[in-house]
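2 protein chains.
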Amino acid sequence: MNGLAKGLAVIQAFNDEARALTLAEAAARTGLTRAAARRILMTLEDLGFAARHGERHFVLTPKVLSLGYAYLTSMPLWTFAEPVLESLVEELGETCSIAVLDGTELVYVLRIPVHRILTQGVTIGSRLPLHCHSAGRILLSGLTTVQLEAYFQRATLRSYTPRTLTDPARLRRAVTEAGRKGYAWVQGEMEESISGLSVPIFQPDGHVLAALNVSLNRKNASEAAAVRNLLPKLRRAAERLHASLAVRGSPRRVVRMGQVQRPAGRGA
Amino acid sequence: MNGLAKGLAVIQAFNDEARALTLAEAAARTGLTRAAARRILMTLEDLGFAARHGERHFVLTPKVLSLGYAYLTSMPLWTFAEPVLESLVEELGETCSIAVLDGTELVYVLRIPVHRILTQGVTIGSRLPLHCHSAGRILLSGLTTVQLEAYFQRATLRSYTPRTLTDPARLRRAVTEAGRKGYAWVQGEMEESISGLSVPIFQPDGHVLAALNVSLNRKNASEAAAVRNLLPKLRRAAERLHASLAVRGSPRRVVRMGQVQRPAGRGA
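Which chain is which? The protein sequence lines are A and B, in order. Each residue of the first sequence is one higher than the last, beginning at 29 in my numbering. Each residue of the second sequence is one higher than the last, beginning at 29 in my numbering.
Right under this line is the structure:
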């Protein structure tokens, strides 16, 4: 690992269970030597990304957010999509999000919560497994056959509730069905009481850029009611985002399996 | 600059005007040589933080968000504060945010928008100058005299509208007043039609951890009406967050001038 790789690993070593790390802890969590961890944390401190906390601990500073912000502002859809998502939330009265695919997970790039969704700590940058989330099914439906094979080879289809689809054949059918119907409905597969409805946001070239999602936190949610009451509005919002993409000429990116597809066209 | 510093600089080189960079562009924006920029971008690509876009360009991937997310989850207040902020938004029907201080700017760590706030691209990780924002005045009011001096030495008090306070003596008085009253009201100093009301979120040791803010996007906003209708609810929410901090024993951090104060007590 070079210095950059080590530094990024150290930043990612911090989380809810590790809010302040000693040199030894940072080393243990990253597999670095104590000396290397020290060098990295001193550099991060010099650059303002980390700071001392007490005698022996380091913490991250809010400057770290500027790194994630670099991604968000470099994808202008995520900023100009906000008013569209706001209108949708106002219309539906439910929590709405936009998620993209990264490796075997989805990442929220925009999320506006309403009511109390019980899941704590779901915010921009949160990562969730693809297989048991309606946005995940939509993102999987946008993959080519080869990409989908790669997903099934790499993914762990963990069971979160008795309803979680963990059988690859059944998951494949669910993904195909989501692609055919143009929406995915997933109920209680990640948490018993949470359901979700998602539709694709298409790029001008027809690839799936992201999934637009509405989350319902109630026991008696039904696919029929969601399709009747929520789907038309979700589709209109996705269509508006698609139209904006065409106008604004956002980079025609296809995020897939941790990388980005080469578009045929322009290079910026 | 070592490899880590260079890498973080390259990540930060991407933004709305630079969504896809060639090696030459990345080099020009960071002051690196073309060879160094190439090495950094190849490493970022290997690690999944950047990807090729067309023949000659690189873009950031959503994995970059995991870096900002490391900060957000390492400060649990920002995740468990979400339901409190949601209730507040429901009560007030206005856009609410939580901001912390970083250098001479404030950084949003949580934000729930309602209606259409015209300012585009304000999201988690957004940075704004302290001097013309009500949350900024509150964060400045939490500084010691020495820290406030350092702020005035480093900050550029840029004028955004005819109402922007740019005179240091008047800004000092406004900060003192915000500290004394326990709230800050700022009207039209960053954008003509936007007003804001902010209160401090105190840490258990009495330091100001963050500012809780409500933004109003209307011409006829008045301080009297905001103080009457919004301030009591804003204060109750800040009090709940303060109480949660005491219970959860979040690291007693004071973010100031780009670093973190050493607390007297425990080391997390």
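Here a beta-carbon is modelled for each residue, glycine too, at the ideal position from N, C-alpha and C. Every value quoted in this text rests on a predicted model; they were computed, and no experiment measured them.
C-alpha gap between residue i and residue j, whole angstroms
| i | j | result |
| --- | --- | --- |
| Met4 (chain B) | Gly31 (chain A) | Past the edges of chain B, shown from 29 to 296, lies residue 4 (chain B), and the structure says nothing about it. |
| Ala127 (chain A) | Ala238 (chain A) | 6 Å |
| Ser125 (chain B) | Thr173 (chain A) | 43 Å |
| Glu302 (chain A) | Thr192 (chain A) | Absent from the structure is residue 302 (chain A), since the part of chain A shown begins at 29 and ends at 296. |
| Gly35 (chain A) | Ile68 (chain A) | 6 Å |
| Met285 (chain B) | Glu53 (chain B) | Low per-residue confidence applies at Met285 (chain B): pLDDT is 37, beneath 50, and the placement is therefore not dependable enough to give any value. |
| Ser221 (chain A) | Val236 (chain A) | 28 Å |
| Ser243 (chain B) | Gly131 (chain A) | 37 Å |
| Thr204 (chain B) | Ser226 (chain B) | 14 Å |
| Tyr136 (chain A) | Ala206 (chain A) | 20 Å |
| Gly76 (chain A) | Glu219 (chain A) | 38 Å |
| Val282 (chain A) | Arg200 (chain A) | Caution applies to Val282 (chain A), whose pLDDT of 37 falls short of 50 and renders its modelled position unreliable; the value that the coordinates give is listed next. Looking at the two C-alpha atoms, the distance is approximately 20 Å. |
| Thr89 (chain A) | Ala79 (chain A) | 7 Å |
| Ala253 (chain B) | Leu176 (chain B) | 30 Å |
| Arg268 (chain A) | Asn257 (chain A) | 18 Å |
| Glu73 (chain B) | Arg66 (chain B) | 10 Å |
| His85 (chain B) | Ala33 (chain A) | 21 Å |
| Lys261 (chain A) | Glu118 (chain B) | 22 Å |
Chain-order list of residues whose beta-carbon lies under 6 Å from that of residue i (same chain, five-residue window excluded)
| i | result |
| --- | --- |
| Leu185 (chain B) | His159 and Thr194 |
| Pro196 (chain A) | Phe180 |
| Gly293 (chain A) | Because the pLDDT at Gly293 (chain A) is just 29, under 50, the model does not fix this residue reliably, and the value given afterwards should be weighed accordingly. Correct list: empty, nothing qualifies. |
Bridge-paired residues (DSSP) for residue i
| i | result |
| --- | --- |
| Pro157 (chain B) | B:Glu133 |
| Gln215 (chain B) | B:Ser223 |
| Ala64 (chain A) | DSSP output for Ala64 (chain A) lists no bridge partner at all. |
| Ile229 (chain B) | B:Ala238 |
| Arg80 (chain A) | A:Phe86 |
| Asn245 (chain B) | B:Ile222 |
Reference residue i, options the options, closest by Cα
| i | options | result |
| --- | --- | --- |
| Arg264 (chain A) | A:Phe230, A:Thr89, A:Leu199 and A:Ser250 | A:Phe230 |
| Gly96 (chain B) | A:Ala253, A:Gly153 and A:Arg84 | A:Gly153 |
| Thr50 (chain A) | A:Gly76, A:Leu138, A:His81 and A:Arg201 | A:His81 |
| Val255 (chain A) | A:Gly234, A:Val214 and A:Ser272 | A:Val214 |
| Lys91 (chain B) | A:Leu100, A:Val87, A:Glu83 and A:Leu88 | A:Leu100 |
| Leu116 (chain B) | B:Ala64, B:Ala266, B:Lys209 and B:Ser272 | B:Ala266 |
| Glu45 (chain B) | B:Val87, B:Pro111, B:Val236 and B:Phe180 | B:Val87 |
| Gly224 (chain A) | A:Leu120, A:Arg182, A:Ala183 and A:Arg66 | A:Leu120 |
| Leu259 (chain A) | A:Glu122, A:Val150 and A:Ala56 | A:Glu122 |
| Glu251 (chain A) | A:Ser272, A:Gly234 and A:Lys209 | A:Lys209 |
| Asn245 (chain A) | A:Ala37, A:Pro141 and A:Ala41 | A:Pro141 |
| Ser187 (chain B) | B:Ser169, B:Leu156 and B:Glu83 | B:Leu156 |
| Ser169 (chain A) | A:Leu129, A:Thr189, A:Arg182 and A:Pro190 | A:Leu129 |
| Gly59 (chain B) | B:Arg47, B:Val38 and B:Leu134 | B:Val38 |
| Gly234 (chain B) | B:Arg47, B:Arg57 and B:Leu171 | B:Leu171 |
As assigned by DSSP and simplified to three states, the class of residue i
| i | result |
| --- | --- |
| Gln175 (chain B) | helix |
| Val112 (chain A) | helix |
| Ser125 (chain B) | strand |
| Val142 (chain A) | coil |
| Ala250 (chain B) | One detail in the question is off: residue 250 (chain B) reads as Ser in this sequence, not Ala. If DSSP states are grouped into helix, strand and coil, Ser250 (chain B) belongs with coil. |
| Leu75 (chain B) | coil |
| His270 (chain B) | helix |
| Ala46 (chain A) | strand |
| Ile152 (chain A) | coil |
| Ser102 (chain A) | helix |
| Arg201 (chain B) | helix |
| Arg191 (chain A) | coil |
| Ala33 (chain B) | helix |
| Leu259 (chain B) | helix |
| Leu185 (chain A) | coil |
heavy atom of the ligand FAD below 7 Å from residue i C-beta
| i | result |
| --- | --- |
| Glu83 (chain B) | Absence of the ligand FAD from the depicted structure is noted, as is the absence of any ligand whatsoever, leaving it without description. |
Own chain partners of residue i with C-beta closer than 8 Å, once the 5 adjacent residues on each side are dropped
| i | result |
| --- | --- |
| Ala274 (chain A) | Pro232 |
| Lys247 (chain B) | Ser221 |
| Arg62 (chain B) | Leu51, Ala52 and Ala55 |
| Ser94 (chain B) | none |
Residues near residue i by beta carbon distance below 7 Å, same chain, minus five either side
| i | result |
| --- | --- |
| His270 (chain A) | Ile229 and Phe230 |
| Leu138 (chain B) | Trp106, Ala109, Glu110, Leu113, Ser125, Ile126 and Ile152 |
| Ser162 (chain B) | Ala212, Trp213, Val214, Gly224, Leu225, Ser226 and Asn241 |
| Ala249 (chain A) | Gln215 and Ser223 |
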